[in-house]
Every structure is written in C-alpha cells, then in structure tokens.
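Numbering (this note's numbering), first residue to last: 3 to 141.
For every residue, glycine included, the Cβ atom is placed at its ideal position computed from N, Cα and C.
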C-alpha cells in the first residue's frame, strides 16, 4: 500500500540517517514539499532493502531566516562543490574538497562519510556502469 511504502521508507531513512551522521534526513518528495523553508543539502541517492529504485535523500539543516542559516548556506555551497566533483567521478579532487569542508566544519559527519568514499574510489573506482546509487541492504 502507499501508506505502507511510505512508512517502510521512513523506517529505512532512519537507519541511513545514522550511517551518514546527518541530523534530519528526508526523501526528495518531502524536501520538495517543504517549499524552500529550510536550508538543506542533497546527501545521496540510496536504494533501501526491498526496493529496486534509488531515492534521493536530503539533510535538513536549519530554517531559512534562522541565526544559523548564513553559516549553513556556506557549508551547503562547499558541500555541493565537493559532491559535484564526486558525481563527475573526479574522486581525488572531491576528496580534497570534502577535506576542505571538514577543515572549516570538523563536525560535519556526512562530509567524513563522503571523503572516505572518495578516498576509496581513488584507489578502486566504481564500475563505469555504476548508477550512482548507494545500496542499503539492512533494515
């Protein structure tokens, strides 16, 4: 059922949220419904156990207009630059860009996850036909 699928996805996002060390993770559909009221970032595209297709996931960081918003926007811009390099398969440059994010924001757990991923991929990149989706096989 539609409700069952949504509840299942929500439960899976809870586990993924712990993996990335993000504060509040949401699906792309929910992110779009928020209508720009929050500062956030595209984290990844994940495939949860029991599903064939990937789901874009976002981290909600703070409300637009909050005292934290300007610093959050700067972090999102730096993250987006690093993530774009990663998606372009420029893993060495992406690793350096995520390292720069961590220099300024050392507590940014998602950047630690992505930096480690890029470090691994410099040595052993994903196959050329990889769809860019991170699979979560555990509930």
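- Runs of beta strand (DSSP E) with 3 or more residues, each lying fully within the region 49–113, are found at 57–65, listed in chain order.
- Residue pairing by DSSP puts residue 29 in a beta bridge opposite 59.
- When C-beta atoms of the region 56–63 are compared with those of the region 89–104, fewer than three pairs fall below 8 Å, so the two segments do not count as touching.
- Secondary structure at residue 36: coil, using DSSP grouped into helix, strand and coil.
- Between the region 34–43 and the region 114–134 there are fewer than three inter-stretch CB-CB distances shorter than 8 Å, so the stretches are not counted as touching.
- For residue 137, the uninterrupted beta strand (DSSP E) segment begins and ends at 136–138.
- Cβ neighbours of residue 81 within its own chain (closer than 7 Å, five residues either side excluded): 43, 103, 113.
- Using a Cβ distance threshold of 8 Å, residue 27 and residue 57 do not count as a contacting pair.
- The beta carbon of residue 30 lies closer than 6 Å to those of 58 in the same chain, with the five residues before and after it left out.
- Around residue 107, the same chain offers 77 as residues with beta carbons nearer than 6 Å, after the five sequence neighbours per side are excluded.
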